[in-house]
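> Pasting in a structure now, in structure tokens, and then I'll have a few things to ask.
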Amino acid sequence: MIIRLGRNIATQNLVPGQAVYGEDLIKRKGVEYRVWEPRRSKVGATLVKGMKFPLRENHLVLYLGVASGTTASHLSDMLTKGMLFGVDFAPRVLRDFVLLAETRSNLIPVFDTANKPEHYRWVVPQVDFIVQDVAQPNQAQILIKNARMFLKKNGHAFVAVKSRSIDVTAKPGDVFKQFKQEVKASGEFEILEDIRLEPFERDHMALLLRKK
Amino acid sequence: MVQLAKTPVGFFVVAMRNQVVEFEELSNQPDKAAEQLLTYEEWVTRMKQKGYDIETDEPALDPMKVAELIGVSESAYLARSREVSIAVAKAAIKKHLKRDLLVVQTVGALDDLTKTTNMLMNRLTEWYGLHYPELKVEEDQEKYLKMMVQGRKVSDSMGMDLAEEDLHIIMDYADSIRELFRRKEALEAYLDRIMAQVAPNVHVLAGANLGARLIARAGGLEALSRMPGSTIQVLGAEKALFKHILKGVPPPKHGVIFQHPLISRAPREQRGKLARSMATRLAIAAKVDFYSGDLRPSLMDGWAERVKEVEQGETKKSERSENKGKQPPFKSVRVKRGDKHGKK
Ligand SMILES: C[S@@+](CC[C@H](N)C(=O)[O-])C[C@H]1O[C@@H](n2cnc3c(N)ncnc32)[C@H](O)[C@@H]1O
């Protein structure tokens, strides 16, 4: 699903000829790949740094904070038999994601706040994977609420944490420690991996979780 | 006891052992289905009237599993979800993106009209003043126009006599100004209506005109919703803010928010603190308006207490340390310290 090309990683383009955010398209043995820019995507950054990302082609994914779909477009390349529900509450960025979803048959836009998972219960089923990148002070609680409602047992969650969005004044290390404690205390998750995103992002951490 | 499910396929009442006892199918045209989804609450009411004992109004069941109960496969469910969600998202975004931009334009048009009528009125009073210098505008320009049309001039006026033709041309000119005043009234009423839709909480707190100005200054409701109170407090004082940063003069205490009747009518020394409290409330109001649109009357809770506190604080001020409570909304950035007492 993901190939390595020297220092880069790339995904096989689900819609040949389409570049989503200005990334390079390259051909190998007649197959077109989209280069995954680690500076534009936190999932991309963790993959380049070698974190596991146990996404399967047939997974159902709930993406909180999908924005215009930079990262989601690569997950869409990977989900050849799956589906991704992308939630964002900002109309301007979600507008771009709707346009992207119209070109890719495995993307579903949800215009709502991730704070209110009951708002999109009408369409989102139980999922195998949650990706969260919302940069909000209460993002641990957002994650927990959504996982309780939507994540299957043993399903995975990938979470990007930006220290400054949670507490501008505290030391990133402390913010991350506190975040992990909050996630553990919920009793919902086991923490499989954590990783800092330097040099691609400053004061960011990514976590890979598994639902108990 | 039954459970409800709202899904992209339709609305369900599900009884024990996964028995579907009611199913209201949605159109298979995505746009229609998106509209029908909005009628869910009415459908719930109908089901209650039918006598179902419903566990909770909130749809609690997994929609894909429920659809499976009537034979909709997983892949069919997902394909359908995608079409309907795209239609729902498009409709919602369309609603969201457009209306606040109308507010921005309307308030801009009102400002243009005010500037224009002021300019035209200046000319008119000078012009008509040749004929009737004793008629004064006072503050009410519209009244001036009315009296002018009535045309009753005091008998001992010092003004010059005008021929029919001269008067006629002036009256026509005045008529076009009156038309602009009517246009202004219509815009104000319209602004009031759309503000109540686009930003109901900001509307209640700040009024249509000031609320619209804040949205316009911020560059839209979304932008305003991202601003902290300290920024909202100085919106419209950008020039003063630049001066403060470049020249080290004291930072501005308040921008357009100063026009708020609860603030502009307060004693001068209290306005800064009241503006800050109002700006904090407006920051929350804008967020609620942008993200949910529900009306939250509680946003003005505690205002009266705050006003009292500020009043009492003022009388006790001499007992307190100089700077406390007097601080500007952000840190002072003085470039040259020596300038501190320079301007007197
Ligand atoms: C850092 S960006 C995400 C970038 C994206 N994940 C990517 O890699 O392409 C954060 C996004 O989260 C969204 N967001 C923040 N809080 C949210 C909430 N409560 N509900 C939904 N979206 C939210 C913002 O609108 C923004 O688009």
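So the sequences go chain by chain: A and B. By the count of the working numbering, the first sequence reaches residue 212 at its end, each step adding exactly one. By the count of the working numbering, the second sequence reaches residue 1344 at its end, each step adding exactly one. Note that beta-carbon positions come from the ideal geometry of N, C-alpha and C, so glycine has one too.
1) DSSP on A67/A, reduced to helix/strand/coil?
2) Could you say which of S73/A, P125/A, K49/A lies nearest to R7/A if we only look at CA atoms?
3) List the residues of chain B that V61/A touches, going by C-beta distances under 8 Å, in chain order.
4) Just confirm the distance between the C-beta atoms of Y1132/B and S1155/B, as a whole number of angstroms; I'd bet it's less than 8 Å.
5) Residues in the same chain with beta-carbon distance under 8 Å from K152/A, minus the five sequence neighbours each way, listed in chain order, please.
6) Cα separation between K1006/B and D88/A?
7) Shorter than 8 Å, the distance from the beta carbon of D1289/B to the closest heavy atom of ligand 1, or not?
8) Looking only at DSSP bridge pairs, what is F111/A linked to?
9) So the alpha helix (DSSP H) H204/A belongs to, where does it begin and stop?
10) How would you call P1030/B, buried or exposed, if buried means at least 16 neighbouring beta carbons within 10 angstroms?
11) If I'm right that T11/A touches R40/A with Cβ under 8 Å, what's the distance once you round it to whole angstroms?
12) With H, G and I counted as helix, E and B as strand and the rest as coil, what does DSSP make of I195/A?
13) Here's the rule: buried if 16 or more other CB atoms are within 10 angstroms of the residue's CB, otherwise exposed. What is Y63/A?
14) By the 10 Å Cβ neighbour count, where 16 or more other Cβ atoms means buried, how is H1168/B classified, buried or exposed?
15) Identify whether E57/A lies in helix, strand or coil by the three-state DSSP scheme.
16) Terminal residues of the continuous alpha helix (DSSP H) containing K162/A?
17) Determine whether the beta carbon atoms of I1215/B and V1234/B lie at a separation below 9 Å.
18) So does Y63/A have its beta carbon nearer than 8 Å to some heavy atom of ligand 1?
19) Check distances from the C-beta atoms of the region 1197-1224 of chain B to those of chain A and list, in chain order, the residues that come in under 8 Å.
20) Pick from K42/A, A19/A, T46/A: whose alpha carbon is nearest that of Y33/A?
21) Less than 8 Å between the CB of D96/A and some heavy atom of ligand 1, yes or no?
22) For the pair the region 1300-1316 of chain B and the region 1226-1245 of chain B, tell me if three or more CB-CB distances fall below 8 Å.
23) Rounded to a whole number of angstroms, what is the C-alpha to C-alpha distance between E198/A and F179/A?
Let me spell this out:
1) It is coil, neither helix nor strand.
2) Comparing Cα positions, the closest option is K49/A.
3) Proximity of chain B to V61/A at the Cβ level (cut-off 8 Å) is not reached, the minimal Cβ distance being about 12 Å.
4) Wrong, their Cβ atoms sit about 12 Å apart, outside the cutoff.
5) So the list reads Q126, V127, D128, K211, once near-sequence residues are dropped.
6) Roughly 21 Å separates the two Cα atoms.
7) Not so, every heavy atom of ligand 1 lies at least 8 Å from the Cβ.
8) Note: F111/A sits in a beta bridge opposite D88/A.
9) Premise fails: H204/A lies in the beta strand (DSSP E), 204-211, not in any alpha helix (DSSP H).
10) Classification of P1030/B: buried, given that the 10 Å Cβ count is 16 or more.
11) 13 Å between Cβ atoms; not a contact.
12) DSSP places I195/A in strand when its eight states are reduced to three.
13) Y63/A is buried by the Cβ-count criterion.
14) With fewer than 16 Cβ atoms within 10 Å of its Cβ, H1168/B is classed as exposed.
15) Annotated three-state conformation of E57/A is coil, per DSSP.
16) Looking at the DSSP string, K162/A is not in any alpha helix (DSSP H); the run it does join, the beta strand (DSSP E), is 151-162.
17) No, these two residues do not count as a Cβ contact at 9 Å.
18) Because some heavy atom of ligand 1 lies under 8 Å away, the Cβ of Y63/A counts as near it: yes.
19) Under the 8 Å Cβ criterion, the region 1197-1224 of chain B contributes E1222.
20) The shortest Cα separation from Y33/A among K42/A, A19/A, T46/A belongs to A19/A.
21) No, since every heavy atom of ligand 1 falls outside the 8 Å radius drawn around the Cβ of D96/A.
22) Not touching, per the Cβ criterion.
23) A direct Cα-to-Cα measurement between E198/A and F179/A gives close to 18 Å.
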